[in-house]
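Below you'll find the structure, written out as C-alpha cells, and then a few comments.
Protein chains: 2
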Amino acid sequence: MNSQSEEDYLKALYHLEMEFDSVSTNSIADYLDMKPSSVTDMLKKLAEKKFINYQKYKGTSLTKKGKLIALSIIRKHRLWETFLVDKLGFGWDQVHIIAEQLEHIKSEELIKNLDNFLGNPKYDPHGDPIPNKDGEIEKMNQKLLVELKASQKGIITGVKKGTASLLNYLDKEKVKLGDSIKVIEILEFDGTYIVEINKRKLTFSEKICQNLLLETND
Amino acid sequence: MNSQSEEDYLKALYHLEMEFDSVSTNSIADYLDMKPSSVTDMLKKLAEKKFINYQKYKGTSLTKKGKLIALSIIRKHRLWETFLVDKLGFGWDQVHIIAEQLEHIKSEELIKNLDNFLGNPKYDPHGDPIPNKDGEIEKMNQKLLVELKASQKGIITGVKKGTASLLNYLDKEKVKLGDSIKVIEILEFDGTYIVEINKRKLTFSEKICQNLLLETND
DNA sequence: ATATTTTTTTAGACTAAACTAAAAATTACA
DNA sequence: TGTAATTTTTAGTTTAGTCTAAAAAAATAT
Numbered sequence: 741m742n743s744q745s746e747e748d749y750l751k752a753l754y755h756l757e758m759e760f761d762s763v764s765t766n767s768i769a770d771y772l773d774m775k776p777s778s779v780t781d782m783l784k785k786l787a788e789k790k791f792i793n794y795q796k797y798k799g800t801s802l803t804k805k806g807k808l809i810a811l812s813i814i815r816k817h818r819l820w821e822t823f824l825v826d827k828l829g830f831g832w833d834q835v836h837i838i839a840e841q842l843e844h845i846k847s848e849e850l851i852k853n854l855d856n857f858l859g860n861p862k863y864d865p866h867g868d869p870i871p872n873k874d875g876e877i878e879k880m881n882q883k884l885l886v887e888l889k890a891s892q893k894g895i896i897t898g899v900k901k902g903t904a905s906l907l908n909y910l911d912k913e914k915v916k917l918g919d920s921i922k923v924i925e926i927l928e929f930d931g932t933y934i935v936e937i938n939k940r941k942l943t944f945s946e947k948i949c950q951n952l953l954l955e956t957n958d
Numbered sequence: 741m742n743s744q745s746e747e748d749y750l751k752a753l754y755h756l757e758m759e760f761d762s763v764s765t766n767s768i769a770d771y772l773d774m775k776p777s778s779v780t781d782m783l784k785k786l787a788e789k790k791f792i793n794y795q796k797y798k799g800t801s802l803t804k805k806g807k808l809i810a811l812s813i814i815r816k817h818r819l820w821e822t823f824l825v826d827k828l829g830f831g832w833d834q835v836h837i838i839a840e841q842l843e844h845i846k847s848e849e850l851i852k853n854l855d856n857f858l859g860n861p862k863y864d865p866h867g868d869p870i871p872n873k874d875g876e877i878e879k880m881n882q883k884l885l886v887e888l889k890a891s892q893k894g895i896i897t898g899v900k901k902g903t904a905s906l907l908n909y910l911d912k913e914k915v916k917l918g919d920s921i922k923v924i925e926i927l928e929f930d931g932t933y934i935v936e937i938n939k940r941k942l943t944f945s946e947k948i949c950q951n952l953l954l955e956t957n958d
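Those protein sequences? They're chains A and B, same order as listed.
Mapping the first sequence onto the working numbering, position 131 (from 1) lands on 871, and the numbers just tick up by one.
Mapping the second sequence onto the working numbering, position 72 (from 1) lands on 812, and the numbers just tick up by one.
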C-alpha cells in the first residue's frame, strides 16, 4: 500500500509529464510546494519501488507501473469531483480541495460502486476525461470551438483557464459539459458561430469560441 | 486542525466511556490495538489540548470540548455508512472499514451537503443514531421487540450483535431499518408476535423478537 | 575554456506517532 | 501489612516525511 505522500508525488509527476517533456526536481518541488531536497528523498524512494526511472541529476519519468498508480488516483479524484458536483450540489470550483482528500481513500469496491452510481461518467465537472479502471484515458483531441469549421462536431469538455464566468453563462443557456455541439454556420464579418446543441440553435461570439474547449474525434 | 490519530483516540475514548464507567490506559491500547506506552504519550498530548481530563495513573475522561470532537467524527462515520449502504449498494456489514477512512475527510460543507443528500437520516445502517451537527445525539430508549406488549409501537433500529442473518431475512421481507412497527398481537403458547410494518401484517418468532432492536418513546 | 550561476544532492536535524525495555506506581492477595 | 502481580509511565529508539545548510554537479555566460 502506498502512502498519501507517495500518491501525491506520482500524481504530480503525471501532470508535469503531460505539460512539459522533461520533469526536473525543482519543478516537482514548485508544483507540490516543497523543498527540492525533500523531492530528491522521495524520488529515491519511488525509484526503489520501481514507480519512476531516476538517475541522479538526470531528471525523472514515470514507469508503466507508476503511471498506472497515478492514473488510478486521478480516476478517483475525478469521480469524486463528479459526485460532489452532480450529487451534492457543489459548484465546479469548490470541489478540488475536497477531492484531493477523497482521492486517497483505499477501496477498489468503493470506486467501482461510485462509478456505477454516477452512471459511469466519462468526463469530470471541469471537462477532464476520467480514466477507466485499467488506467485508459480517452485521448481527447482537445480543440477550441474557434478551430472548427462548418458542419464539424465535438463534445463540450470545458473552458480555458480564467474564464469561469463563461461556465456560468453556458449554465444559464442550459448548455452542460458533455453536450454535443455541431457548427452550423460561421459568419464571415465578425466570426460569430451558429451552433446546434441539444437540437437547439445558439449563437456564440468569437470570444466565446476562443475559450470553449471541445473533444473532437479527428 | 486535529490529526487523524488524535481523532481516532477521541472516538475510542467516547465509545469506551459509553461502555464502561472508567477508561484505563490499557483498555484504550486494547481497543486501538496499540501499546500502552503509545497511549500514554497521546493522552498527554490530548490533555495538553484540553480534550481530556488526565492525571497520571488516574485514568482519563473526555472534556466537553473533546466529546464534541468525538461526536463530530461519529456523525461523519455514520453519515458515510448511510451513504455507502443507501446510495452505493454496499451491505451493512461491509461499510465500517471504508467509513473509518471517510470520517477523517475535512470539510464542514461536505458533511452538510451529504446530510441533505441522504435526507437528513437519524439512524445509520446498523441502527445507531447519527449525532446532529451540534453533537446532540438522540437518546434512544433502545428496546428489544420482545419487551413490547400488544399495541405498543417502535422504530426498527437494528439487530443484536452476531445476528447478521436476521438482517438478511428482514431485507427479504422488505423490512428496512427506520421502519415503524406496531405490535398487533402476541400469541400465548409460543410467544409469536403478529406485528404491522408498512401496513403489512408480519409474523415474527420469539427468537426474532429477542434480537430485533427498536427505539421507543416511553 | 574557465568562472559564475543554477540546480540537485547530501548530510544532518526535527516532528509525529509508533515501538521496546525498564522503572515506578498502584492494586491484589495471602 | 507486606510482597507479588499488574498497570502505567518514562526513557530511549525507529520510521516517514519534512526541513536547512552546505557540497557537488550541471548549465550558462563572459
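Note that CB positions come from ideal geometry on N, CA and C, so glycine has one too.
Model, not experiment: these values are computed from the prediction.
By the 10 Å Cβ neighbour count, where 16 or more other Cβ atoms means buried, how is S812 of chain B classified, buried or exposed? buried
Can you pull the chain B residues whose beta carbon is under 9 Å from the beta carbon of C853 of chain A, in chain order? Reading the sequence as shown, one finds Asn at residue 853 of chain A and not Cys. Within 9 Å Cβ-Cβ: L824, K827, L828, G829 and F830.
Run through DSSP, which three-state label would P869 of chain A get? strand
Cα-Cα separation, N766 of chain A to P776 of chain A: 6 Å
Are the Cβ atoms of T897 of chain B and D874 of chain B separated by less than 9 Å? no
Along the chain, where does the beta strand (DSSP E) containing G806 of chain A start, and where does it finish? Taken as a continuous stretch (DSSP letters only), G806 of chain A belongs to no beta strand (DSSP E), being part of the alpha helix (DSSP H) at K804 to D826.
Give the single residue among A:E788, A:R815 and A:Y797 whose Cα lies nearest to the Cα of Y754 of chain A. A:R815
Return the chain-ordered list of same chain residues with a C-beta closer than 8 Å to the C-beta of I1012 of chain B, the five sequence neighbours on each side being excluded. Residue 1012 of chain B lies beyond the range of chain B shown here (741 to 958); nothing can be said about it.
Classify L927 of chain B: buried if its beta carbon has 16 or more other beta carbons within 10 angstroms, exposed otherwise. exposed
Of all the residues that make up the stretch 844–875 of chain A, which are near chain B by a beta-carbon distance shorter than 7 Å? I845, K846, S847, L850, N853, L854 and F857
Q882 of chain B - containing beta strand (DSSP E), residue span: N881 to L884
Could you tell me the boundaries of the beta strand (DSSP E) in which N742 of chain A lies? That residue, N742 of chain A, is in no beta strand (DSSP E); it is neither H nor E in DSSP.
For Y797 of chain B, which of B:T903, B:T780 and B:D833 has the nearest alpha-carbon? B:T780
Given that I838 of chain A touches chain B, what residues does it touch there, using C-beta distances under 9 Å? I845, K846, S847, E849 and L850
Under 7 Å from the C-beta of Q841 of chain A: neighbouring residues of chain B: Those within 7 Å of Q841 of chain A in chain B are I845 and K846.
Please classify F929 of chain A: does DSSP put it in a helix, a strand, or coil? Look at F929 of chain A here: in three-state DSSP terms it is coil, with no helix or strand label.
Residue burial classification, H836 of chain A (beta-carbon count within 10 angstroms, cutoff 16): So H836 of chain A ends up on the exposed side.
Please classify M782 of chain B as buried or exposed, where buried requires at least 16 neighbouring CB atoms within 10 angstroms. Classification for M782 of chain B: buried.
Nearest candidate by alpha-carbon position, reference T943 of chain B, set B:L910, B:T956 and B:L954: B:L910
Where E876 of chain B and K862 of chain B are concerned, what is the direct C-alpha to C-alpha distance, given to the nearest angstrom? 11 Å
Given 8 Å, three or more beta-carbon pairs between the stretch 837–852 of chain A and the stretch 885–904 of chain A: no
Exposure of R940 of chain A, with buried meaning 16 or more beta-carbon neighbours within 10 Å: exposed
Where does the unbroken alpha helix (DSSP H) through I948 of chain B begin, and where does it stop? E946 to N951
My assumption, with CB atoms under 8 Å, is that I937 of chain B sits in contact with V915 of chain B. Please give the rounded CB distance. 6 Å
My guess is that N881 of chain A and E955 of chain A are in contact by the Cβ rule of under 8 Å, so how many angstroms apart are they, rounded? 6 Å
Helix or strand or just coil, what does DSSP make of E955 of chain B? strand
Span separating the alpha-carbon of H824 of chain B from that of Q841 of chain A: Strictly speaking, residue 824 of chain B in this sequence is Leu, with His absent from that position. Their Cα atoms are separated by approximately 17 Å.
Report yes if the C-beta distance between K922 of chain A and K879 of chain A is below 9 Å; otherwise report no. no
Measuring alpha carbon to alpha carbon, tell me which of B:A904, B:R818, B:L756 and B:I870 ends up nearest G799 of chain B. B:L756
Have a look at the DSSP bridge pairing and note the partners of E936 of chain B. B:K922 and B:K941
Would you call the CB atoms of Y794 of chain A and K784 of chain A closer than 9 Å? yes
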